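Asker:
In this note's numbering, the protein residues as written are -12 to 145.
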């Protein structure tokens, strides 16, 4: 019926509408995923759903991944709904920003960026993050390197 809607008589369309026939399944699937994401955010305080994760029996992780991968094809209304929910479009950028935020806080508290490799700071594995920054320096963007330099980041430690 969906694929032949243009061939249906107005009477048949009206009869299908009366019983709540769904013409656009993609909209229904999107709306269902979004409602699950809203519930997830209420419960966990963020939209950082891991890939493949189930939430209330719904594969929310895959739905979230699809939104990120197809972000350029989303309508402006859907993008706005996700933005209003503080949806994270780029998880790698977000993760780097979280690490930098913790390092900044650490420096404010201790006066330096000399973080031991196994240090957990405020529940965050800051030592591992710092170690990775040193290890990946040559592949890091200039902007990130400058932010770390401005913070007084120590690139080489014994």
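For every residue, glycine included, the Cβ atom is placed at its ideal position computed from N, Cα and C.
Note that the coordinates shown come from a computational prediction; the quantities given were computed from them, not determined experimentally.
Assess contact between the stretch 58 to 68 and the stretch 113 to 131, defined as three or more Cβ pairs (one per stretch) separated by less than 8 Å. Is contact present?
Answerer: Segments in contact, no.
Asker: Can you give me the start and stop residues for the alpha helix (DSSP H) that residue 128 sits inside?
Answerer: That residue, residue 128, is in no alpha helix (DSSP H); it is neither H nor E in DSSP.
Asker: For residue 42, I'd like the list of residues in its chain whose CB is within less than 6 Å of its CB, leaving aside the five on either flank, ordered along the chain.
Answerer: Here the set comprises 23 and 27.
Asker: Sort 130, 75, 139 and 54 by Cα distance to residue 92 and report the nearest one.
Answerer: Residue 139 is the option with its Cα nearest to residue 92.
Asker: Buried or exposed: which applies to residue 20, given that a residue is buried once 16 or more other Cβ atoms fall within 10 Å of its Cβ?
Answerer: Answer is buried; the Cβ neighbour count reaches 16.
Asker: Exposed or buried, what is residue 123 when buried is set at 16 or more other beta-carbons lying within 10 Å of its beta-carbon?
Answerer: The residue is exposed, with fewer than 16 neighbouring Cβ atoms inside 10 Å.
Asker: To the nearest angstrom, report how far apart residue 84 and residue 30 are at their CA atoms.
Answerer: Using only the alpha carbons, I get a separation of about 23 Å.
Asker: Mind checking who residue 42 pairs with in its DSSP beta bridge?
Answerer: Paired residue(s): 45.
Asker: Please classify residue 100 as buried or exposed, where buried requires at least 16 neighbouring CB atoms within 10 angstroms.
Answerer: So residue 100 ends up on the buried side.
Asker: Closest to residue 59 by CA distance: which of 143, 76, 49 and 47 is it?
Answerer: The shortest Cα separation from residue 59 among 143, 76, 49 and 47 belongs to 76.
Asker: I think residue 34 touches residue 81, with their Cβ atoms under 8 Å apart; what is that distance to the nearest whole Å?
Answerer: Incorrect: roughly 10 Å between the Cβ atoms, too far for contact.
Asker: List the residues that DSSP assigns as beta-bridge partners of residue 111.
Answerer: Bridge partners of residue 111: 108.
Asker: Taking the alpha carbon of residue 86 as the point to measure from, which residue in 107, 72 and 7 has its own alpha carbon closest?
Answerer: Among 107, 72 and 7, the Cα nearest to that of residue 86 is on 107.
Asker: How many whole angstroms separate the CB atoms of residue 8 and residue -12, which I take to be in contact at a CB cut-off of 8 Å?
Answerer: Right, their Cβ atoms sit about 7 Å apart.
Asker: Return the chain-ordered list of same chain residues with a C-beta closer than 6 Å to the C-beta of residue 38, the five sequence neighbours on each side being excluded.
Answerer: These residues qualify, in order along the chain: 48 and 52.
Asker: Nearest to residue 18 by alpha carbon, out of 98, 61 and 3?
Answerer: Ranking the options by Cα distance to residue 18, first place goes to 61.
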